[in-house]
Every structure is written in C-alpha cells, then in structure tokens.
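The next block holds one structure in the form of structure tokens; read it before the comments.
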Amino acid sequence: MKVNVGLVQMSCVSDVETNIQKAIEKTREAAAKGANIVCLQELFTSLYFCDVETPENFNLAEAIPGPTTERFQAVAKELNIVIIASLFEKRAKGLYHNTTAVIDADGEYLGKYRKMHIPDDPGYYEKYYFTPGDLGYKVWDTKFGRIGVLICWDQWYPEAARITSLMGAEILFYPTAIGWDTTEKSEVINKEQYEAWQTIQRSHAIANGVHVVSVNRVGQEAEQQFWGGSFVANPHGRLLYLASHDKEEVHVQEIDSEVTEYYRTTWPYLRDRRIDSYKPITKRYID
Numbered sequence: 001m002k003v004n005v006g007l008v009q010m011s012c013v014s015d016v017e018t019n020i021q022k023a024i025e026k027t028r029e030a031a032a033k034g035a036n037i038v039c040l041q042e043l044f045t046s047l048y049f050c051d052v053e054t055p056e057n058f059n060l061a062e063a064i065p066g067p068t069t070e071r072f073q074a075v076a077k078e079l080n081i082v083i084i085a086s087l088f089e090k091r092a093k094g095l096y097h098n099t100t101a102v103i104d105a106d107g108e109y110l111g112k113y114r115k116m117h118i119p120d121d122p123g124y125y126e127k128y129y130f131t132p133g134d135l136g137y138k139v140w141d142t143k144f145g146r147i148g149v150l151i152c153w154d155q156w157y158p159e160a161a162r163i164t165s166l167m168g169a170e171i172l173f174y175p176t177a178i179g180w181d182t183t184e185k186s187e188v189i190n191k192e193q194y195e196a197w198q199t200i201q202r203s204h205a206i207a208n209g210v211h212v213v214s215v216n217r218v219g220q221e222a223e224q225q226f227w228g229g230s231f232v233a234n235p236h237g238r239l240l241y242l243a244s245h246d247k248e249e250v251h252v253q254e255i256d257s258e259v260t261e262y263y264r265t266t267w268p269y270l271r272d273r274r275i276d277s278y279k280p281i282t283k284r285y286i287d
C-alpha cells in the first residue's frame, strides 16, 4: 500500500494558541501536498517546558480526548487525513502523561499511546512531569494502514520498536523534541549526538523491516537548540528524506509499505529470531 506521510517540523513559542494555529496551518499545508498521514512533533502546543521543574507548567496539560484533540479531529475529517498529535495529558489531579493521540481520516479518535521511557537529564526533567505509560505499546488500523507510535526517549530502545513492529505496525512514527545543549562547545560531541539519534532509529527500521518516520522540532528554547533533522528511513535504513537543522519544514514522503515483504524475505530477521533464548531480556541487569 502506498501512502503519503507528512512531517511537520516547526518551532514553538510561549503562547499555546499560536502554536496550535501554526500546527493546524502546517497540517493543512501537508494535506495540500498530498499527505494521507500527518505527524506533528512532540508536545507541539507549547515550548518544551521540561527544561525546568516548575509546578505552573502542569497548567499546560489537558484531557485526552479533550479540546485540542477535538480541534484536530475536525481538521482530520475535513481533510480526510490521519493525524498524530503529541500532547501533555492530564489524567487526574496530580497524574500526568506524555501522550500521543491518533485520529483517523474520518475524524474518529482512535486512541492514545503514553510514553513508556521517561528521561531525567539536564534540560530534560521529564520524570518531574510524566508518569510512565501504562497502556503498553500500541498500533492502530487507520484508513491508510496500520501504524505504530512511540515518543522521543522511546527512540533509544530497540525493545519498544520490536514489540510495536511485532504487533503489525507497517510504519513506526516518533514525535520528538531533542536538541543540543548550547553550552556544549564541542562540535564533535554535538555531531555524534545527532548521528547516534538518527542511527539508532535507522537500525529499528532495519531490524524490523519497516519504515521509520521521526519528527523533531527546531529553534532555540532556553539553553536547548533543537536540532530538527526530521527524517524518513526505509526498511533497510536508507534515508528517503532528511530535514535541515535550522528551518521549519513541511514535507510529504511517499511510502510503499508493501516493500516490507521484500526486505523481510531477503533479510529474514524475524524468521531467525531465537525467542526461546530471550527470557533474560526482562532482567534489569544479568549479574
């Protein structure tokens, strides 16, 4: 099945409504370019607020489904597109998640994925805000194929990509917010950080025989220079599209999910998995 995937790489400001309007405009732009599925970046309705631990930032959270998903449901129905929207979820008082909503082309809210792996690093204090996901890994049957969604820090974990792929995902989407620390002056370190991020995700494409779509933000926020670099990789890790590090971009990439059959039969990694030997993977460390 051939499907046109839209990537929206954009910068954000402090005003939530401005960001939502920009995201809607760029979603419309992607649809006008022929997109069937549009993926927005992680937490696109606000600045990346996890650089500090401030209770006031919890006011940015909302119910999912809720007011923002309803707005994008209307857009999805109008444009006949699937929308992947990453939002800050308020589940209950004092309980919050980093969550992505999936909306089908008829405007139906299909469900949500809650980020499983939560980082806690300088500039990324997400454990202060987010409870780890408890819905497990998720796939959805949309009008334009079965898709899987993971979120940012999930990118570094082959187990997450593997499980989602084994559930039948034809494309893996990664809404993302990651960048360089502006106090880091080593070009070597900055270069290897970005390349590691891209390489690990391309390896997920290869190991699972699926396309990977990673959508990041751009622009400087506090001491983070978000590095953009959104991309699409085919099932052998080849880059079909690579965005710039410093510009807002709306790109539509044609993907043929049927090539998964070719790659998985030519390189039959799933056939040769020794599932009988993998029990130790559930341990924290094998002492």
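Per the UniProt record's numbering, residue 1 is the first one in the sequence shown, and the count goes up by one each step.
Glycine included, C-beta positions come from ideal geometry on N, C-alpha and C.
All values derive from a computational prediction rather than experimental measurement.
Excluding sequence positions up to five before and after T182, its CB lies within less than 8 angstroms of the CB of Q220, E223, Q224, Q225, all in the same chain and listed in chain order. Put simply, the stretch 41-50 touches the stretch 168-179. At least three CB pairs are less than 8 angstroms apart.
In the DSSP secondary-structure assignment, G148 is bridged to V139, L172. Y262 counts as exposed, since fewer than 16 other beta carbons sit within 10 angstroms of its beta carbon. For I37 and N57, the gap between their C-alpha atoms comes out near 30 angstroms. With contacts defined as CB atoms closer than 7 angstroms, A76 and I83 qualify as a contacting pair.
Along the length of the stretch 60-148, whole alpha helix (DSSP H) runs at least 4 residues long occupy 67-79, reported in chain order.
Counting only the Cα atoms, S277 lies some 51 angstroms from E17. Within the same chain, and ignoring the five residues on either side of I163 in sequence, the residues whose Cβ sits closer than 6 angstroms to its Cβ are Y137. The C-beta of T54 has fewer than 16 other C-beta atoms within 10 Å across all chains shown, which makes the residue exposed.
In the three-state DSSP reduction, H204 falls in the helix class (H, G or I).
For L135, the closest of N98, Q9, S230, N59 by C-alpha to C-alpha distance is N98. A Cβ-Cβ distance of about 19 angstroms is found for the pair A105 and L87, leaving them out of contact under the 8 angstroms criterion. Annotated three-state conformation of F44 is coil, per DSSP. When secondary structure is reduced to three states using DSSP, L239 falls in the strand class.
When DSSP states are grouped into helix, strand and coil, C39 belongs to the strand group.
The three-state secondary structure of D51, taken from DSSP, is helix. For E258, the closest of A169, S214, T282, E192 by C-alpha to C-alpha distance is A169.
Taking 7 angstroms as the cut-off, the Cβ atoms of V13 and G145 do not count as close. V252 places its beta carbon less than 7 angstroms from that of A35. Taking a C-beta distance under 7 angstroms as the contact criterion, V188 and F173 do not qualify as a contact pair.
DSSP places D154 in the helix class (H, G or I) of the three-state scheme.
Ranked by Cα distance from G209, the options S165, S186, K26 are led by S165.
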